[in-house]
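Numbered per the numbering used here, the sequence shown spans residues 330 to 622.
Even glycine gets a Cβ: it sits at the ideal position worked out from N, Cα and C.
In what follows, a structure is listed as structure tokens, so that the remarks can point back to it.
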Amino acid sequence: MRHIPEPATQRLLLENGDIDVARTLTPTDVAGLEGNPDVKIQEDVGGQIYYLAMNQKKEELANPDVLDAIRWAIDYQGMTDTILKGQWGVHQAFLPEGFLGALDETPYSLDVEKAKELLASSGVTLPLELSLTVRNDQERMDIAQSIQNTLGQAGINVTLDVGDGATVLGKYRARQHEMTIQTWGPDYPDPHTNASTFAMNPDNSDEANATGYLAWRTAWDPAELGPMTEAAVAEKDGEKRKAMYEDIQRQHRDDSAFVLMFQQQSQTGLRSNVENFYTGGATDSVVYWLVTK
């Protein structure tokens with residue numbers, strides 16, 4: 330095992346046969362390896378989810394029409410076709426592909442005119458001024474700038490509030506953001522791991538300091554979704570449980586203070602003679618002991 334932080338260096342070492350597996354290649358590196366008979370690219374889904382969280386303490390963001398407008402003012406497909414190509418896919422539910430009850434429905438797409446209509450009916454003063462808190466790494470900045478651009482077309486002026494990871498996460502946990510781009514990954518291979526944090530918030534007060542609930546961090550009360558989630562985790566029948574999580578996700582997708590955007594897609598560079606490498610899928614539990622070469 331070697332820690333090689335630069336993807337370009339990983340690519341060079343892989344091409345030269347100095348390493349057998351390269352796990353954090355960029356889309357540019359992957360494209361550059363095409364046609365190399367000594368190297369292959371393995372594609373798997375990962376468990377990480379990209380989402381936009383909108384603080385319900387901000388009056389305008391507690392307006393359902395504004396939330397809907399934002400959902401329709403994001404270029405999901407455009408980002409996955411360009412800046413996120415090969416690394417992330419459009420995914421609009423809090424359970425990643427591979428989990429019981431995960432939805433593959435993607436009802437939202439960029440529709441600036443629809444977003445404008447929703448903003449016009451919302452009653453808020455336009456143009457709406459909002460800040461977007463984002464970590465200062467390139468991928469997140471690229472996503473933030475895309476969102477800034479398309480929301481601007483719809484009538485929402487977005488100011489980027491950029492900081493390091495600790496600062497951005499601290500603001501989010503303290504409920505001091507307006508909007509923020511974040512990722513989340515499952516802690517264990519059961520749907521409750523994500524359902525409990527996205528769709529439960531037993532005490533929405535500041536005093537609760539319930540930072541383990543993403544719903545609390547964004548000051549959103551899930552109302553009936555909380556009891557629905559508790560019922561789902563207790564359900565013994567697999568098919569009934571699956572249907573319960575599907576219902577929870579649909580309501581959450583359409584009515585919550587979150588916009589679920591993307592699921593991780595892992596692209597691993599392997600020497601052509603390497604077999605049985607497994608990334609762990611949506612649980613991100615890499616298996617090495619099965620690998621042969």
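Paired residues, beta bridge with Met508 - DSSP | The residue given as residue 508 occupies position 179 in the sequence shown. According to DSSP, Met508 bridges with Met383, Leu461.
Tell me the start and end of each unbroken alpha helix (DSSP H) in the stretch 435-484 that is at least 4 residues and wholly inside, in chain order.
-> 441-451, 467-483
Leaving out the 5 sequence neighbours to the left and right, which residues in its chain are closer than 6 Å to Thr355 when beta-carbon positions are compared?
-> Within the sequence shown, the letter at position 26 stands for residue 355. Once the five neighbours on either side are set aside, the close Cβ partners of Thr355 are Pro336.
Asn486 versus Leu459 - alpha carbon distance | As a position in the sequence shown, residue 486 is number 157, starting the count at 1. As a position in the sequence shown, residue 459 is number 130, starting the count at 1. If you take the alpha carbons of Asn486 and Leu459, they lie about 6 Å apart.
Inter-residue Cα distance where the pair is Val616 and Glu564 = Reading the sequence shown from its first residue, position 287 is the one you call residue 616. Reading the sequence shown from its first residue, position 235 is the one you call residue 564. Taking the straight line from one Cα to the other gives about 31 Å.
Given that a residue counts as buried once 16 or more other Cβ atoms are within 10 Å of its Cβ, and exposed if not, what is Ser601?
-> Locating residue 601 in the sequence shown gives position 272, counting from the first residue. That one is exposed.
Could you tell me which residues DSSP puts in a beta bridge with Thr488?
-> Within the sequence shown, the letter at position 159 stands for residue 488. In the DSSP output, where bridge partners are listed per residue, Thr488 has Ser460.
Who pairs with Glu372 in a beta bridge, going by DSSP?
-> One-based indexing of the sequence shown puts residue 372 at position 43. Paired residue(s): Gln596.
State buried or exposed for Pro334, treating a residue as buried only when at least 16 other CB atoms are found within 10 Å of its CB.
-> For this step, residue 334 is matched to residue 5 along the sequence shown. When all chains shown are included, Pro334 counts as exposed.
What number of angstroms, rounded off, separates the C-alpha of Gly361 from the C-alpha of Ala473?
-> The residue labelled residue 361 in the question sits at position 32 within the sequence shown. The residue labelled residue 473 in the question sits at position 144 within the sequence shown. Cα-Cα distance, rounded: 27 Å.
Between the C-alpha atoms of Ala586 and Thr547, what's the straight-line distance to the nearest angstrom?
-> On the sequence shown, residue 586 is found 257 positions in, with the first residue counted as 1. On the sequence shown, residue 547 is found 218 positions in, with the first residue counted as 1. Spanning the two alpha carbons is a distance of roughly 7 Å.
Val374 beta carbon less than 9 Å from that of Gln580 | In the sequence shown, counting from the first residue as 1, residue 580 sits at position 251. In the sequence shown, counting from the first residue as 1, residue 374 sits at position 45. Not a contact, by the Cβ cut-off of 9 Å.
Near Ile412, what residues of its chain come up, given a Cβ to Cβ distance below 8 Å and the 5 sequence neighbours on each side ignored?
-> For the purposes of this step, residue 412 is taken as the residue at position 83 of the sequence shown. Excluding residues within five positions, the ones whose Cβ falls inside 8 Å are Glu468, Asp471, Ile472, Ser475.
Exposed or buried, Gln339, counting other C-beta atoms within 10 Å across all chains shown (16 or more means buried)?
-> Locating residue 339 in the sequence shown gives position 10, where the first residue counts as 1. Classification for Gln339: buried.
When burial is assigned at 16 or more other CB atoms within 10 Å of the CB, is His332 buried or exposed?
-> Residue mapping note: residue 332 aligns to position 3 of the sequence shown, counting from 1. Exposed.
DSSP state of Val615, grouped into three classes?
-> Along the sequence shown, one-based indexing puts residue 615 at 286. Three-state result, Val615: coil.
With which residues is Glu604 paired in a DSSP beta bridge?
-> Reading the sequence shown from its first residue, position 275 is the one you call residue 604. The partner list for Glu604 (beta bridge, DSSP) reads Thr621.
Which first and last residues belong to the beta strand (DSSP E) in which Gly361 is found?
-> Taking the first residue of the sequence shown as position 1, residue 361 is located at position 32. Where Gly361 is concerned, there is no enclosing beta strand (DSSP E), although the alpha helix (DSSP H) it sits in stretches over 356-362.
Which first and last residues belong to the alpha helix (DSSP H) in which Gly499 is found?
-> In the sequence shown, the residue the question calls residue 499 occupies position 170. First-last of the alpha helix (DSSP H) with Gly499: 494-502.
One or two residues paired with Val350 in a DSSP bridge = Locating residue 350 in the sequence shown gives position 21, where the first residue counts as 1. Note: Val350 sits in a beta bridge opposite Leu599.
Residue(s) in a DSSP beta bridge with Val588 = In the sequence shown, counting from the first residue as 1, residue 588 sits at position 259. Answer by DSSP bridge pairing, in chain order: Leu381.
Only counting runs of 3 or more residues, tell me where the beta strand (DSSP E) segments fall wholly within the stretch 564-588, in order along the chain.
-> none
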